[in-house]
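Have a look at the structure below before the remarks.
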Amino acid sequence: MGMAAVVVSFFSLLPLVFVAWVTIQAGWATVSLLVFRPRVADLLLNTTALIVLTVPVCAGLAVALAWLTERTDLAGARVWAWVCVAPLAVPAFVQSYAWISLVPAFHGLFAGVTVSVLAYLPFLYLPVAATLRQMDPALEDVAASLGHGPWRVFRRVVVPQLRLAILGGSLLVALHLLAEYGLYAMIRFDTFATAIVEQFQTAFDGPAANMLASVLVVCCLLLLLLEGGVRGRARYARVGSGTPSRSRTVALGRYAPGAAVLLAATALLSIGVPMLTLGRWLLVGGRDVWRMGEILGALWQTLAFALAGGLLATLAAFPVAWIAVRHPGRFQRFLEGCNYIAGALPGVAVALALVMVTVRVALPLYQTVFTILVAYAIIFLPRALVSLRAAIAQTPVELEQAAGSLGHSPFGVMRVITLRLAAPGAAASLALVGLGIFNELTATQMLAPSGTQTLAMRFWDLSGELDYAAAAPYAVIMVAASLPLTWLLHVQARRRSGR
Amino acid sequence: MSFLVLQGLTKHYAAARATDAIDLVVARGSRTSIVGPSGSGKSTLMRLIAGFEAPDAGTIRLDGTVLAEGGISMPAHRRGIGIVVQDGALFPHLSVAENVAFGLPPRDAGRAARVRDLMAMVDLDISLLDRRPDQISGGQQQRVALARALAPNPRLLLLDEPFSALDTALRISTRKAVIALLAATGVTALLVTHDQAEALSFADQVAVMHKGRLAQVGPPHRLYRQPVDRMVAEFLGEAIILSAVIEGRAATSILGPLAVAEGHPSGRAEVMLRPEQVRVHVLSAEAGVHGAGVFGRVMEMEFAGASCAMVVEVPGGAPAAPARRIALQRSSMDALPVGTQVQISVAGEAHVFG
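Residue numbers (the working numbering), protein chains in the order written: chain A, 20 to 518; chain B, 10 to 363.
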């Protein structure tokens with residue numbers, strides 16, 4: 020198990036190491052020539068502006084919406100809570116397709132920020148809403164009894180406790196902003212991700228693309244460090260064991276219409292626009308766009324990739340998760356950390372690194388199913404780890420010991436007890452990774468064997484040709500496939516916090 | 010004298026009455042405890058007084074000002090009422106010092122000094138000031154919560170089961186410290202608890218709450234000795250309830266003749282004794298027979314360290330009256346073997362219900 024975990028961690032760090040190695044090999048002169056140029060400065064400016072504008076807007080909106088849906092007497096709060104999570108089911112590039120085909124002149128920074136906020140809002144809404152639900156309402160009561168009005172209580176007691184949720188969610192959003200290619204390419208807003216893909220398509224395995232990827236990777240690592248630094252060692256564990264009494268709901272009174280308008284506007288922009296556009300294009304396209312042969316072929320390929328990638332990621336994650344739970348130690352934590360960091364790297368950087376590795380070291384593997392599956396496993400390993408870790412942690416070690424004392428060999432124990440009990444976690448891992456692959460575009464484009472046509476690729480090609488109507492069925496299938504899991508996520512988040 | 014006055018205070022939760030027409034008067038500088046089984050509505054009453062909930066009917070007056078009346082309720086942050094809750098509810102993102110200072114005006118020059126005074130008042134070392142709430146013990150957390158509640162000089166202090174999260178020894182010492190502190194500062198206090206011993210030892214005035222109503226209000230001694238009904242009697246401690254025939258100042262029961270207070274009508278009634286009123290004497294050649302007490306026999310004896318639990322059976326007099334078993338406590342130094350013949354005498358008056 021330990022060996023397997025080390026091997027997996029090595030694989031997941033491979034792209035990072037390779038990028039670093041190539042950078043060193045190129046020599047400082049080349050690096051400075053390729054990095055310190057106006058193009059990189061432009062991209063850096065664009066990306067920074069995107070993050071600096073999107074993340075605060077997203078966070079502010081998420082806190083407002085979460086507070087409205089969790090703490091007020093807003094009519095239909097439970098439905099609104101689901102509506103706030105639902106955009107998760109719309110892949111980011113479908114979101115931007117919806118906007119660009121509705122407003123053809125929707126370009127530039129403003130467009131980028133708008134679509135990003137709408138697409139990634141749930142990443143912040145979910146943790147903030149969960150924290151609000153779990154917060155001890157007695158704290159707010161006590162603050163009021165000490166003479167603080169509602170607004171001061173919110174600012175001084177509620178918001179500080181949301182800090183960790185906001186930080187974590189913001190990091191996730193920022194990493195997505197760095198990694199996303201489709202969304203920005205569609206509305207022609209240049210970021211590192213779009214520039215790398217562009218470079219790759221013109222001169223593949225060129226040093227320029229590699230250097231851009233290095234800068235992107237450094238940006239990601241900086242974000243991780245920044246978040247870690249700001250979070251510090253704070254842990255806002257609840258003090259005491261008191262059961263949370265149901266929190267008070269705030270009567271909105273004359274503000275109720277305003278709150279409803281805010282929620283309705285968000286819902287209209289984030290789900291309404293995609294639904295409207297997809298519906299319109301399906302209507303315009305009529306029967307002709309449902310070319311079943313092509314669609315079913317793409318669906319079949321996508322499903323095969325999703326299943327195989329999901330299995331590989333789950334298998335790879337199992338040893339790492341197992342030793343992290345059963346034999347926690349510094350080295351094991353380090354291994355687990357490696358895999359999370361690798362997972363935080365943009366898919367485009369991972370894909371580029373794998374292209375380099377295969378082309379230079381193992382050419383027969385270039386553009387094979389094996390390579391694309393490895394890429395998927397690296398990109399989505401954290402999703403698998405999180406699910407498996409939770410499942411294994413819930414399997415009491417005493418059960419394994421009991422089975423051992425009844426005469427089962429360690430391998431037998433693993434097969435009969437651990438794997439059986441971790442099965443739900445493995446299923447969750449398979450589903451989460453599978454869905455990620457289902458909607459993956461960038462790495463698939465760069466690494467898949469020629470002739471591959473996944474749903475996302477077909478959608479991308481057709482909308483690239485401005486054949487929006489023909490692209491619509493693919494988008495509808497991707498959204499429909501994502502809906503059940505999004506619903507599950509929503510329900511689970513509510514159940515975990517006891518409602 | 011009346012400082013806090015509640016009149017007809019009623020609050021409904023989805024058809025159930027959490028509090029039902031509560032009337033209560035609390036004197037300035039006094040300590041009152043509200044005791045009742047869980048679900049009796051005592052926490053709701055506390056939340057109504059604090060202003061976390063608005064009553065459906067009734068009024069709350071504090072020192073002459075109306076806090077709630079006819080559906081209009083002053084918000085909690087304007088009431089000047091401090092509260093300490095079960096687990097302290099310290100702000101986890103703030104240090105001990107920041108917690109204590111939370112209710113003080115933000116730009117007060119005397120803030121730091123006031124925080125140090127309060128820490129001394131609740132007997133906490135000032136080296137704890139920079140700690141986080143999760144770095145101090147449960148007892149210390151409750152003291153910090155108390156200091157925080159006292160900081161803005163509240164007109165009234167509410168204590169909502171503040172000791173129940175602590176272990177037994179700590180609970181008693183913390184309670185004593187709080188009583189001493191309240192006496193020193195002269196703050197009027199209201200304690201909510203489900204622990205009858207705590208309620209009785211804490212307060213000048215005890216209110217027993219049951220199903221949303223106050224069953225009885227009065228000094229602890231009176232509630233314990235002269236409860237209005239069986240519920241109050243059994244809630245406040247072990248009670249031996251006997252049926253008896255009253256005639257003037259005497260009652261005839263299975264435990265022989267008992268003294269009762271004047272003014273009860275003659276005839277059948279239920280009377281109550283507390284176990285500590287019942288004395289058990291060993292029958293032996295030297296000791297002889299004690300007056301008019303009835304005879305009994307020890308049926309069970311259970312050693313429990315300092316004390317022992319004993320069950321004595323008293324035979325019924327007439328064929329219609331069956332034998333009666335009575336549970337008593339006794340010092341374990343005086344433990345008796347099962348089967349010992351004893352004679353029973355009763356100290357003080359029996360309390361007549363009705």
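Ideal placement from N, C-alpha and C gives every residue a C-beta, glycine not left out.
These numbers come from a predicted model, not from an experiment.
Asked                                                                                                                         : Found
Distance CB(ALA108(A))-CB(THR473(A)) smaller than 8 angstroms                                                                 : no
Residues in the segment 190-218 of chain A having any Cβ partner in chain B nearer than 9 angstroms                           : none
The beta strand (DSSP E) enclosing GLY227(B), as first and last residue numbers                                               : 222-227
Whether PRO443(A) touches ALA410(A) by CB criterion (8 angstroms)                                                             : yes
Whether CYS77(A) touches VAL136(A) by CB criterion (8 angstroms)                                                              : yes
Status (buried if at least 16 other CB within 10 Å, exposed otherwise) for PHE430(A)                                          : exposed
Boundaries (first-last residue) of the beta strand (DSSP E) holding MET319(B)                                                 : 316-323
Euclidean distance between Cα positions of LEU10(A) and GLN153(A)                                                             : Nothing about residue 10(A) can be reported from this structure: the residues present for chain A run from 20 to 518 only.
Reduced DSSP category for ARG26(B) - H, G, I as helix; E, B as strand; rest coil                                              : strand
Contact with chain A by ILE69(B), beta-carbon distance below 8 angstroms                                                      : no
Within 8 angstroms, strictly: CB atoms of SER233(A) and THR42(A)                                                              : yes
Interfacial residues, the segment 91-120 of chain B to chain A, with Cβ spacing under 7 angstroms                             : GLY91, ILE92, VAL94, GLN95, ASP96, GLY97, ALA98, LEU99, PHE100, PRO101, HIS102, PHE111 and GLY112
Close-in-space but distant-in-sequence residues of the same chain around VAL498(A) (CB under 7 angstroms, 5 per side omitted) : ALA108, VAL109 and VAL113
DSSP three-state assignment for THR387(A), whether helix, strand or coil                                                      : coil
Below-8 angstroms beta-carbon distance, SER260(A) vs any chain B residue                                                      : Bear in mind that the predicted position of SER260(A) carries a pLDDT of just 44, short of 50, making it unreliable; the figure below should be weighed with that in mind. For SER260(A), the answer is yes, since a Cβ of chain B falls inside 8 angstroms of its Cβ.
C-alpha distance - THR285(A) paired with GLN150(B), whole-angstrom precision                                                  : 43 angstroms
Closest by C-alpha distance to ALA332(B), when choosing among PRO101(B), GLY305(B), GLY357(B) and ASP117(B)                   : GLY305(B)
Per-residue contacts from HIS86(B) into chain A (C-beta, under 9 angstroms)                                                   : ALA162, ALA163, SER164, LEU165, GLY166, HIS167, GLY168, PRO169, ARG171 and VAL172
PRO263(A), DSSP secondary structure in three states                                                                           : In this prediction, PRO263(A) scores a pLDDT of 48, lower than 50, which makes its location untrustworthy; no coordinate-derived value is stated.
Where THR73(A) falls: helix, strand or coil (DSSP)                                                                            : helix
contact_flag[the segment 92-109 of chain A, the segment 175-195 of chain A] where n(CB pairs < 8 angstroms) is 3 or more      : no
Proximity test, Cβ basis, 8 angstroms: LEU151(A) and chain B                                                                  : no
Cβ neighbours of PRO226(A) in the same chain (closer than 7 angstroms, five flanking residues each side left out)             : ALA45, THR49 and LEU53
Buried/exposed call for SER406(A), threshold 16 Cβ in 10 Å                                                                    : buried
Environment of PRO338(A) [buried if 16+ CB atoms lie within 10 Å]                                                             : buried
Beta-carbon spacing of LEU179(B), GLY148(B) below 8 angstroms                                                                 : yes
Partners in chain A for PRO46(B), counting only beta-carbon separations shorter than 8 angstroms                              : Residues of chain A passing the Cβ test: none, with the nearest at roughly 17 angstroms.
Exposure label - ASP61(A); buried when at least 16 CB within 10 Å                                                             : exposed
MET130(B) in three-state terms, based on DSSP                                                                                 : helix
Every unbroken alpha helix (DSSP H) within the segment 135-161 of chain B, with a cutoff of 4 residues, ordered by chain      : 147-159
Buried versus exposed call for GLY316(A) [16 or more other C-beta atoms within 10 Å across all chains shown]                  : exposed
Residue from ALA332(A), THR463(A), PRO365(A) and GLY329(A) with nearest C-alpha to TYR385(A)                                  : THR463(A)
Cβ-based burial, THR321(A) [other Cβ within 10 Å; buried from 16]                                                             : buried
SER82(B) and ALA59(B) closer than 8 angstroms at C-beta                                                                       : no
Span separating the alpha-carbon of LEU373(A) from that of ASN229(A)                                                          : 11 angstroms
Residues of the segment 191-206 of chain B whose Cβ lies closer than 7 angstroms to any Cβ of chain A, in chain order         : none
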